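Student:
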Amino acid sequence: MVQFSFWLDIVTAWGLRTGEITESFSYRGSNEGVHYGDVTLSLALWQGVMRYQIKIALRNRKFCRNDEGKVKNITLTEQIELMKLYRCLVWKFLALALADNVFDEQKAPEDFEDRRIRATATSRTFQIGDDKKKLLIFRKLEGKRVSSTAIMTGASSNALITDICEQCGYTETVTTYTFRRGVANKLEAKTSRKRTQEALGHKGDRTWHAYAAPTISVDAQAIAYDELEDNLYTDFAQSIAYTRDFGAPKPANSKVEVSSVPSKVVLKAVADAHPSSRAEMIMRKARREQYKIDREEYSEEAGRVNSALEIDATSEDQVDTETTDKPEKELPVSLRPQPSPDFKQIMKYNPL
1 MVQFSFWLDI
11 VTAWGLRTGE
21 ITESFSYRGS
31 NEGVHYGDVT
41 LSLALWQGVM
51 RYQIKIALRN
61 RKFCRNDEGK
71 VKNITLTEQI
81 ELMKLYRCLV
91 WKFLALALAD
101 NVFDEQKAPE
111 DFEDRRIRAT
121 ATSRTFQIGD
131 DKKKLLIFRK
141 LEGKRVSSTA
151 IMTGASSNAL
161 ITDICEQCGY
171 TETVTTYTFR
181 RGVANKLEAK
191 TSRKRTQEAL
201 GHKGDRTWHA
211 YAAPTISVDA
221 QAIAYDELED
231 NLYTDFAQSI
241 AYTRDFGAPK
251 PANSKVEVSS
261 VPSKVVLKAV
271 ADAHPSSRAE
281 MIMRKARREQ
291 YKIDREEYSE
301 EAGRVNSALE
311 IDATSEDQVD
321 TETTDKPEKE
331 LPVSLRPQPS
341 PDFKQIMKYN
351 PL
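Reminder that position 304 of the sequence shown reads as 304 in full-length UniProt numbering, one-by-one numbering, no gaps.
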């Protein structure tokens, strides 16, 4: 879905709190979020190229809610390179805006091919209709349709993120705060503490300590031996991708591959615990319970190394006919890592 992809790209690029663009956990039932009226679409000449950009006013940012004088804007620019168009936030926004028919003059993608501005101006702004300015951008699904009035909530978006990442093999729980923490660490490494604080919407410097990665992102070993730092590897080693496993069991509603099938024991246990529930509800709960069991067993078996060897052995280039009769050498395996206390802590909402 385009709106979820657009939401996810903003969160991963800026590390926003869920309550800054969708309904906050602390304001449930408020139906408050980003409206089309909070967005400014413009076109400007930069380094010889006409480029679109959007600015989004974060009216619901923590410490700024209901205070127009403190509202901050974030800027998203158009991707010009062909190989980067798939992650272009501007065009994803335009796809949603055109579907909602929010512009006064532009009604189709072709209308944005006219990249001209006045000779006396440095930019051109596109007008959004007054009747569309209060329309929410991120709206929840009602069946197979997108609601016309109800907003996407922080709880539902976090649940969807967690489910998708489990389907993709991430072994540690992933929420929007995982992305926020990743953005915070990257900003800290590349810009000043003040600019990091401004981008993340922190009230003070002390808040940063809750986002700092527990793994030090310095290749001290390379420095000690007068070698070049491998910064790409140090970033990888402290990321959630390090413990990813494509072979891990998939959630009960997984679309990636066949999900867990509940055993008779699990079905009976769930049915006994919920005697008044309907059959489909019991099956849904049983599949979730079976998924938890399968995931725990998979972690205990630690079959990652053996699985990799089986895949490598299928390659004809790696088969040595002179040694096929020799007994296989047993390799040591390591237990699958579990979420650390530090990782669990940064998942919690920080009140500072």
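By construction, the Cβ of each residue, glycine as well, lies at the ideal position given by its N, Cα and C atoms. All figures in this text were calculated on a predicted structure; none of them were measured in a lab.
How long is the line joining the alpha carbons of Lys329 and Ser299, rounded to whole angstroms?
Tutor: Bear in mind that a pLDDT of 41 at Lys329, under 50, signals an unreliable position, so the number given afterwards is only what the model happens to contain. The alpha-carbon atoms of Lys329 and Ser299 are separated by roughly 23 Å.
Student: Could you have a look at Phe63 and say whether DSSP puts it in helix, strand or coil?
Tutor: DSSP places Phe63 in coil when its eight states are reduced to three.
Student: Nearest to Arg28 by CA position, among Glu172, Ile151, Thr12, is which residue?
Tutor: Closest option to Arg28, Cα to Cα, is Ile151.
Student: Helix, strand or coil for Met50? Go by DSSP, reduced to three states.
Tutor: Residue state, collapsed to three classes: strand.
Student: Near Asp104, what residues of its chain come up, given a Cβ to Cβ distance below 6 Å and the 5 sequence neighbours on each side ignored?
Tutor: Closer than 6 Å at Cβ, skipping near neighbours: Gln127, Gly129.
Student: For His35, which residues from the same chain have a beta carbon less than 8 Å from its beta carbon, with the 5 sequence-adjacent residues on both sides left out?
Tutor: Cβ within range, chain order: Lys133, Lys134, Leu135, Leu136, Ile137.
Student: What's the C-alpha gap between Leu141 and Ala108?
Tutor: Straight-line Cα distance between these residues: approximately 24 Å.
Student: Express the C-alpha separation of Leu8 and Leu45 in angstroms, rounding to a whole number.
Tutor: Rounded to whole angstroms, Leu45 to Leu8 spans 28 Å at the Cα level.
Student: Roughly how many angstroms separate the alpha carbons of Ser42 and Gly169, rounded to a whole number?
Tutor: Distance between the alpha carbons of Ser42 and Gly169 is about 39 Å.
Student: Take Asp111 as the anchor and find which of Arg278, Thr40, Asn101 has the nearest alpha-carbon.
Tutor: Per the Cα distances, Asn101.
Student: Decide if His202 is buried, meaning its Cβ has at least 16 other Cβ atoms within 10 Å, or exposed.
Tutor: That one is buried.
Student: Could you check whether the segment 49 to 60 touches the segment 89 to 100, counting it as contact only if at least three pairs of C-beta atoms, one from each stretch, sit closer than 8 Å?
Tutor: Because the criterion of three Cβ pairs below 8 Å is met, the segment 49 to 60 and the segment 89 to 100 touch.
Student: Output the distance between the C-alpha atoms of Val71 and Ala57, rounded to the nearest integer angstrom.
Tutor: Cα-Cα distance, rounded: 7 Å.
Student: Does the Cβ of Ala273 have 16 or more other Cβ atoms within 10 Å, making it buried, or fewer, making it exposed?
Tutor: Looking at its Cβ environment, which holds fewer than 16 other Cβ atoms inside 10 Å, Ala273 is exposed.
Student: Applying the criterion that 16 or more other CB atoms from any shown protein chain within 10 Å of the CB defines a buried residue, is Phe236 buried or exposed?
Tutor: By the neighbour-count rule (16 or more Cβ atoms within 10 Å), Phe236 is not buried but exposed.
Student: At what residue ranges does the segment 59 to 135 contain a whole run of the beta strand (DSSP E), taking only runs of 3 or more?
Tutor: As far as the segment 59 to 135 is concerned, its whole beta strand (DSSP E) runs of at least 3 residues are 72 to 77, 123 to 126.
Student: Taking the alpha carbon of Ser26 as the reference point, which residue from Lys62, Asp245, Phe4, Ser263 has its own alpha carbon closest?
Tutor: For Ser26, the nearest C-alpha among the options comes from Lys62.
Student: Looking at the strands, I want to know which residues DSSP matches up with Ile151.
Tutor: The partner list for Ile151 (beta bridge, DSSP) reads Arg139.
Student: Looking at Ile21 and Gly33, is the spacing between their C-beta atoms short of 8 Å?
Tutor: Going by C-beta atoms, Gly33 is nearer than 8 Å to Ile21.
Student: Where does Glu20 sit, in a helix, a strand or coil, going by DSSP?
Tutor: DSSP places Glu20 in helix when its eight states are reduced to three.
Student: By DSSP's criteria, His274 is part of a beta bridge. Which residues make up the other side?
Tutor: Paired residues: none, contrary to the question.
Student: Tell me whether Lys285 sits in a helix, a strand or coil according to DSSP, three-state version.
Tutor: Looking at Lys285 - three-state DSSP - the assignment turns out to be helix.
Student: Name the residue from Arg139, Glu68, Val183, Ala159 whose alpha carbon lies nearest to the alpha carbon of Thr175.
Tutor: For Thr175, the nearest C-alpha among the options comes from Ala159.
Student: Tell me, to the nearest whole angstrom, how far the beta carbon of Asn60 is from that of Gly19; I am working on the premise that it is less than 8 Å.
Tutor: Rounded, the Cβ-Cβ distance is 6 Å, consistent with contact.
Student: So, at 8 Å on beta carbons, what are the nonlocal neighbours of Leu96 in its own chain, with the 5 sequence-adjacent residues on each side left out?
Tutor: Cβ neighbours of Leu96 beyond the five flanking positions: Val2, Gln3, Phe6, Ile137.
Student: Residue range of the alpha helix (DSSP H) that Phe6 falls in?
Tutor: 2 to 14 is the extent of the alpha helix (DSSP H) around Phe6.
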